[in-house]
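**Q** This note's numbering puts the first residue of the sequence shown at 50, with every later residue one more than the last.
Even glycine gets a Cβ: it sits at the ideal position worked out from N, Cα and C.
Could you have a look at this structure, given as structure tokens, before my questions?
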Amino acid sequence: MQSILNVALPVFGLILAGYIAAKLKLLGASSTEALNKFVYYFALPAMLFLVMFRAPLERVVDREFLIAFCAPLGVVFVITVVWGRLVWRLRLADLSVQSLASCYGNVGYMGVPLVSLAYGPEALPYVIAATILTGSIMFGAGIMGVEADLRSGQGALKTFVGVLGTVARNPLIVAPAAGAAWALSGVPLFGPLKTFAELMGASASPCALFALGMFLAAQPLRGALAEVTWLTVLKLAVAPIATYVMLVILGEEHSLVGRVALLLNALPTGAGAFVLAQKYDRLVAQTSATILVSTILSVLTVSALLAVG
């Protein structure tokens, strides 16, 4: 209960505040997009830059964490693809969007503040690794799947080059990479830049959570009920259960690595899935409904996980 009061309630309270502000139209119609862009292009990159600059590199590429985080998502991915193909007869483009909805956790917006509050700054390098994996490899794979389907006949090389260009411009990838490169150079971070990054980065978590609430307020709760229910169960139940099984196999169920991996894989579907769905106009209503439902239910599931952990 103390974990819920100290960690979960403030985080979900910020999301609720953003949701209420959007519903009451207190900040104007364009404020959601503006705040999201501020978080995406400025606040969160500044925070990730500092974390990577200060973090030991071996913690970011920790083998046990990478296995514990990725392997369970691989299981969920296979289940999603097989079920979507055999039961709902979806084409590759739709399977790619559905896979993101079931695997793409809200690591950047919710994971950073939750892990920071629950386990302290020493656990943030693991979140950086998860952010890089979801924001580059997972999202890039989703783009590749959709493009390969819609561009069938245009060649895989052209599609692959386009995906690499998109990933290379992603500020959530560039910022931590720059922080790691600066740290490896051995050059001290001079005062004004350090202060600027600290001030900007300090706004990342509250603004990100507030922006998430505003985003959810704009999403209609519609879409195929069976598909939304299925994807939500995969994200909030199957993924954490598979993660716990993997942690037991690795002997990491009680370690910091294990607790962070379990929490991150128990997070609701991230907005990146909606971005992909909207960009290609594939399963948009279904994906947005999954984000909304999984986020609402995660108030219970994530709080319970923190309480027992």
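Work out the CA separation of N219 and Y68 for me, nearest whole Å.
**A** Rounded to the nearest angstrom, the two C-alpha atoms are 26 angstroms apart.
**Q** Apart from the five residues just before and just after A326, which ones in its own chain have a Cβ nearer than 7 angstroms to its Cβ?
**A** Excluding residues within five positions, the ones whose Cβ falls inside 7 angstroms are V146, L332, V333, T336.
**Q** Under a three-way DSSP split, which group does G154 fall into?
**A** G154: strand per DSSP, three-state reduction.
**Q** Within the region 135-199, note down every full alpha helix (DSSP H) run reaching 4 residues or more, in order along the chain.
**A** The qualifying runs are 141-152, 161-168, 173-181, 188-199.
**Q** As an exercise, report each continuous alpha helix (DSSP H) stretch of at least 4 residues that is fully enclosed by the region 301-356, in chain order.
**A** Complete alpha helix (DSSP H) runs here, min 4: 305-314, 320-329.
**Q** Check this for me: beta carbons of F87 and C256, under 8 angstroms apart or not?
**A** In this structure, C256 lies closer than 8 angstroms to F87 by Cβ.
**Q** Starting from L280 and walking both ways along the alpha helix (DSSP H), at which residues does that stretch end?
**A** Element bounds for L280: 274-282.
**Q** For W231, which residues from the same chain have a beta carbon less than 7 angstroms from its beta carbon, with the 5 sequence-adjacent residues on both sides left out?
**A** Cβ neighbours of W231 beyond the five flanking positions: F102, L238.
**Q** Return yes when the C-beta of T318 is under 7 angstroms from any heavy atom of the ligand GTP, and no when it is not.
**A** Because no ligand of any kind appears in the structure shown, any question about the ligand GTP cannot be addressed here.
**Q** Would DSSP call V223 helix, strand or coil?
**A** Looking at V223 - three-state DSSP - the assignment turns out to be helix.
**Q** For T244, count neighbouring Cβ atoms within 10 angstroms of its own Cβ and tell me buried if that reaches 16, exposed if not.
**A** Exposed, because fewer than 16 other Cβ atoms sit within 10 Å of the Cβ of T244.
**Q** How many Å lie between T215 and G321 at the Cα?
**A** Rounded to whole angstroms, T215 to G321 spans 13 angstroms at the Cα level.
**Q** Note down, in chain order, each residue of its chain lying with its Cβ closer than 8 angstroms to the Cβ of M249, except the 5 sequence neighbours on either side.
**A** Contacts found: F91, A92, A95, M96.
**Q** Check for me: the alpha helix (DSSP H) holding S254 runs from which residue to which?
**A** Its alpha helix (DSSP H) spans residues 253-266.
**Q** Which residue wins for smallest C-alpha separation from T180, given the options L313, K328, S347?
**A** The shortest C-alpha separation from T180 is found at L313.
**Q** Taking DSSP as the reference, what is the three-state secondary structure of L78?
**A** What sits at residue 78 in the sequence shown is Ala, not Leu. A78 falls in the coil class under three-state DSSP.
**Q** So, is S234 buried or exposed, given that buried needs 16 or more other C-beta atoms within 10 angstroms?
**A** Exposed.
**Q** R103 lies in the alpha helix (DSSP H); which residues open and close that run?
**A** Here the alpha helix (DSSP H) through R103 covers 93-103.
**Q** Which residue from H303, I298, A291, M159 puts its Cα closest to that of A123?
**A** Strictly speaking, residue 123 in this sequence is Gly, with Ala absent from that position. Comparing Cα-Cα distances from G123 to each of H303, I298, A291, M159, the minimum goes to A291.
**Q** Inspect the beta-carbon positions of A167 and L311 and report whether they are closer than 8 angstroms.
**A** No. Outside cutoff.
**Q** Can you find the residues in the same chain that come closer than 6 angstroms, C-beta to C-beta, to Y158, ignoring five residues on each side of it along the sequence?
**A** These residues qualify, in order along the chain: A257, L261.
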